[in-house]
Amino acid sequence: MFYWRDKRSQKDQADKLEHIYSSKDGLNRRAFGLFPQPKDDKPLRIDLSNNVNYQKFLVDLEGQEETTCVRLVSPGRKARAAVLILRGRVLGCIFGRDGEEQLLGQDGYARMKEEMLLSDIIVDAYKIDDKTAIAASSMFHGELFCAPSKMTPREVFNFSLQHLLDTKMPGTILINQSDATRAVLYTFKGKIHGLFCFQDGWLEPTLEAAEQVLQNAPGFSVQASKLLCPNIFELKQFTFSMTGLGEGIANINQYQSLSLDYSELANLEKKNKDSLARALNESKEQRDQAKAPPKPWKLGMDN
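Number 318 in the working numbering belongs to position 102 of the sequence shown; there are no gaps in the numbering.
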């Protein structure tokens, strides 16, 4: 859904947003473009007036416990921001403005909220699935695979993908070309969960599709990252409340599982006392009971 600061033609706004995010050569050169892209070709568009209350907008997103991406563009001030939200909590954020250093995490989020108070901005929000959000967060909070210089790009891709599948940990593989990104591959629980190409959009999450992307990217390079969080409690340390209202909340008596594994995500689609949002708000004592992190990247190991 799209939220616009002042009333304008929906078509004009949609065309402007499409121009900002598009890439004629099928390559992404913006850091905030690495956030998961929408899968719906025709998202709901809502035209709003100058009196939009973006604080209420954020409160609603947090209260609804949705997993979404929120993107902000200010064409006049040349500012851009993107926020990755997992069940109502910020999991990653980046804010950038021409001529200024990019801000990440809570600093970037604070600047984005300040920008929301100004005029002439475009904000769009769209749902993504939990697995894609968690895998994507490895780009901000994960361990980067530092490949030996003797490895070819193809060997780096094969090794990093096999490692992510064997360890069954959330991760991403960026397929880069020159100084830009051609595609992003997401892994989760030992499978290729998603594959997005900036030229062709979302592709079938298969090794064959990834191989085709590599064939169409001469001189490619690979950047792989893995999230060293085996469960929700380990992940919580990287999240924070969108509004500040969700910090310091502990529902110890209502939450039953002490080590909620990612495999249980499918059972948490409906809000109940064991919701993922409550898991993210559990106490540090419970999080300390989580399983030890998996083995780091290491050549010569099966996983």
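In this text, a Cβ means the ideal position worked out from N, Cα and C, and glycines have one as well. What you are looking at is a predicted structure, and each value in this text was computed from that prediction instead of being measured.
Between the C-alpha atoms of residue i and residue j, what's the straight-line distance to the nearest angstrom?
| i | j | result |
| --- | --- | --- |
| Y402 | Q428 | 16 Å |
| F404 | K384 | 6 Å |
| R327 | P364 | 38 Å |
| T283 | D416 | 24 Å |
| R444 | D340 | Note on identity: in this sequence residue 444 is Leu, with Arg being the wrong assignment. Their Cα atoms are separated by approximately 30 Å. |
| N176 | K407 | In the structure displayed, the chain extends from 217 to 519; residue 176 sits before or after that span and is not available. |
| G308 | V299 | 6 Å |
| V275 | I350 | 22 Å |
| E281 | K347 | 15 Å |
| A466 | G242 | For A466, the predicted model reports a pLDDT of 40, less than 50, meaning its position is unreliable and no value from the coordinates is stated. |
| K255 | R296 | 21 Å |
| Q271 | F356 | 25 Å |
| F373 | I389 | 8 Å |
| T422 | G321 | 32 Å |
| F454 | Y325 | 14 Å |
| C169 | D345 | Since the first residue shown for the chain is 217 and the last is 519, residue 169 is missing from the structure and cannot be characterised. |
How would you call residue i, buried or exposed, if buried means at least 16 neighbouring beta carbons within 10 angstroms?
| i | result |
| --- | --- |
| R303 | buried |
| P434 | exposed |
| E278 | buried |
| Q253 | buried |
| E331 | buried |
| L461 | exposed |
For the putative contact between residue i and residue j, defined by C-beta atoms under 8 Å, what is the C-beta separation to the nearest angstrom?
| i | j | result |
| --- | --- | --- |
| G358 | K452 | 15 Å between Cβ atoms; not a contact. |
| F375 | R398 | Actually they are not in contact, since the Cβ atoms of F375 and R398 sit about 19 Å apart, beyond 8 Å. |
Excluding the 5 residues flanking residue i on each side, which residues of the same chain have their C-beta closer than 8 Å to its C-beta?
| i | result |
| --- | --- |
| N269 | none |
Return the chain-ordered list of same chain residues with a C-beta closer than 6 Å to the C-beta of residue i, the five sequence neighbours on each side being excluded.
| i | result |
| --- | --- |
| R245 | A396 |
| D524 | No information on residue 524 is available, as it lies outside the stretch 217 to 519 that the chain covers here. |
Please name the residue in the options whose C-alpha comes closest to that of residue i.
| i | options | result |
| --- | --- | --- |
| S525 | I301, E330, V438 and H409 | Because residue 525 is not part of the residues shown, which for the chain are 217 to 519, the question remains open. |
| V289 | Y325, D314 and I338 | I338 |
| Y342 | F251, T455 and Y478 | F251 |
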